[in-house]
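Numbering (numbering that gives the first Met the number 0), first residue to last: 0 to 61. These notes are about the structure you will find just below.
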Amino acid sequence: MPEYEFVDVYVPRGVSRKETTRLLTDHAEYGHWELHRLRLDPDGSRRVRLRRRIIRQIRATW
Numbered sequence: 000m001p002e003y004e005f006v007d008v009y010v011p012r013g014v015s016r017k018e019t020t021r022l023l024t025d026h027a028e029y030g031h032w033e034l035h036r037l038r039l040d041p042d043g044s045r046r047v048r049l050r051r052r053i054i055r056q057i058r059a060t061w
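Written out as structure tokens, the structure reads:
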């Protein structure tokens, strides 16, 4: 089972949809994050949870 690390991003209601898309695209492209969950609150703000896989390296024994 893969392990993931998570980060929560809060986007206030004044931020446009286009700016939010750009923000999440930057996180995905440069930080290797992927969208796990997006919640749109009644006041128009967004709560986004991003995740990325934790890759553990095995120590070489030679």
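The beta carbon of each residue, even a glycine, is placed where N, CA and C say it ideally should be. For clarity, every value in this text was computed on a predicted model and none was experimentally measured.
For residue i, the first and last residue of its enclosing alpha helix (DSSP H)
| i | result |
| --- | --- |
| residue 26 | 16-30 |
Residues near residue i by beta carbon distance below 6 Å, same chain, minus five either side
| i | result |
| --- | --- |
| residue 45 | 10, 39 |
| residue 47 | 8, 37 |
Separation of residue j from residue i, as counted between CA atoms
| i | j | result |
| --- | --- | --- |
| residue 58 | residue 18 | 42 Å |
| residue 36 | residue 55 | 24 Å |
| residue 26 | residue 43 | 21 Å |
| residue 7 | residue 60 | 38 Å |
Cutoff 8 Å; reference residue i; Cβ partners in own chain excluding five residues on either side
| i | result |
| --- | --- |
| residue 2 | 52, 53, 55 |
| residue 33 | 27, 49, 50, 51 |
Start-to-end residues for the beta strand (DSSP E) that takes in residue i
| i | result |
| --- | --- |
| residue 53 | 45-53 |
| residue 38 | 33-39 |
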